[in-house]
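Before any comments, here is the structure.
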Ligand SMILES: Nc1ncnc2c1ncn2[C@@H]1O[C@H](COP(=O)(O)OP(=O)(O)O)[C@@H](O)[C@H]1O
Ligand SMILES: [Mg+2]
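Residue numbers (our numbering): 17 to 360.
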């Protein structure tokens, strides 16, 4: 197949997306596909769109091109009107499928998917509606509630709404304050009292105008992939120091990731059931990865469903797949086949 691995973009998770893109691209090449890396925002202005799949470039060369052209990306973001880079849509229209290696805003939020639907471009993963619902934690909380997906007590708050204490929201400290549409733990703050809460709101509102505030669950953290509504093995996440923040998510060796998690069959089943319930609630019928916390009594709390979870060789979903004998290139190829068959 001629496959575009679409990465980059303008979100706070741009760099993470380039890692995913690089890994997925080389995996799909190993499977014999004609696979090329394309930055959704940078595009290609050095070739005609019809020449794209004739390029014989190394992934390193493609990354050099992307890095060179994105040196002044902050400036470009200010002046550019169109999100899509030069020739991106034309190139994607000529592909058999686009592998979505994007993370964060405009990529994970359904807007790119909606554009692709209108242009007849096939892509991996969730459709525009499910992507949009899952991306916004305030929206997904409401849908989870209606579908009996267990969650921490919480609510949403908009910029301009007066709030001096978590108590005003009927929440007990400690609480977690997070941007509604964020990812990779960026903009997540914890507060133990009113003064920390005030700071947390101020800091989190720097990222977005809508926040989700939840009571902090004290216990263990897990994640569970759901592919075609079937749960993958559960993975436990244990940061060596502190919270599961950006550094602990991406710094090699900073977090122990244990798969299958060292927990009872009962708890495994409970977490997997929550993950599948969450995926069904948001109609994530291709694949996703659901984050789940448990407390001392082994009650489960769903945090979110990730529609485009990290896809480097050592990311959580690939580790879960490896635990059931699916290697990384096969996982990437499976996700393509599932997405193609669902969108016939
Ligand atoms: N209610 C909560 N209780 C305890 N920890 C939380 C809670 N919500 C978020 N966290 C911590 O913050 C991290 C990021 O939160 P999450 O909702 O998964 O957002 P994202 O991964 O999109 O940034 C989680 O992995 C978890 O470690
Ligand atoms: Mg998460």
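Just so it is clear, CB atoms sit at the ideal spot from N, CA and C, and this is done for glycine as well.
Cβ-heavy atom distance, residue i to ligand 2, below 6 Å
i: residue 261; result: no
Check: residue i C-beta below 6 Å from any heavy atom of ligand 1
i: residue 319; result: yes
i: residue 307; result: yes
i: residue 198; result: yes
i: residue 256; result: no
i: residue 27; result: no
i: residue 230; result: yes
i: residue 233; result: yes
i: residue 168; result: yes
i: residue 165; result: no
i: residue 201; result: yes
i: residue 192; result: yes
i: residue 204; result: yes
Per DSSP, the bridge partner or partners of residue i
i: residue 116; result: 22
i: residue 304; result: 242
i: residue 320; result: 307
i: residue 55; result: 23
i: residue 50; result: 18
i: residue 102; result: 59
Distance between residue j and residue i (C-alpha atoms, nearest Å)
i: residue 133; j: residue 36; result: 23 Å
i: residue 180; j: residue 203; result: 19 Å
i: residue 53; j: residue 69; result: 11 Å
i: residue 46; j: residue 39; result: 11 Å
i: residue 301; j: residue 244; result: 5 Å
i: residue 208; j: residue 182; result: 10 Å
i: residue 64; j: residue 350; result: 30 Å
i: residue 337; j: residue 278; result: 17 Å
i: residue 173; j: residue 151; result: 16 Å
i: residue 20; j: residue 299; result: 25 Å
i: residue 234; j: residue 307; result: 15 Å
i: residue 190; j: residue 91; result: 39 Å
i: residue 333; j: residue 317; result: 19 Å
i: residue 156; j: residue 213; result: 23 Å
i: residue 342; j: residue 335; result: 9 Å
i: residue 159; j: residue 62; result: 45 Å
i: residue 57; j: residue 125; result: 15 Å
i: residue 232; j: residue 206; result: 8 Å
i: residue 264; j: residue 258; result: 8 Å
i: residue 319; j: residue 266; result: 19 Å
i: residue 34; j: residue 331; result: 13 Å
i: residue 153; j: residue 229; result: 10 Å
i: residue 76; j: residue 18; result: 19 Å
Note down, one range per segment and in chain order, each beta strand (DSSP E) of at least 3 residues found wholly within the segment 123–197.
170–174 and 191–195
Within the segment 196–283, note down every full beta strand (DSSP E) run reaching 3 residues or more, in order along the chain.
205–207, 226–231, 235–243, 246–255 and 271–274
Any contact between the segment 323–340 and the segment 154–171? By contact I mean 3 or more CB pairs, one from each, below 8 Å.
no
For the segment 115–128 against the segment 60–80, are there 3 or more C-beta pairs whose distance is under 8 Å?
With a cut-off of 8 Å, the segment 60–80 and the segment 115–128 do not count as touching, because too few Cβ pairs lie within range.
Should the segment 249–261 be called in touch with the segment 269–276, which here means at least 3 C-beta pairs below 8 Å?
yes
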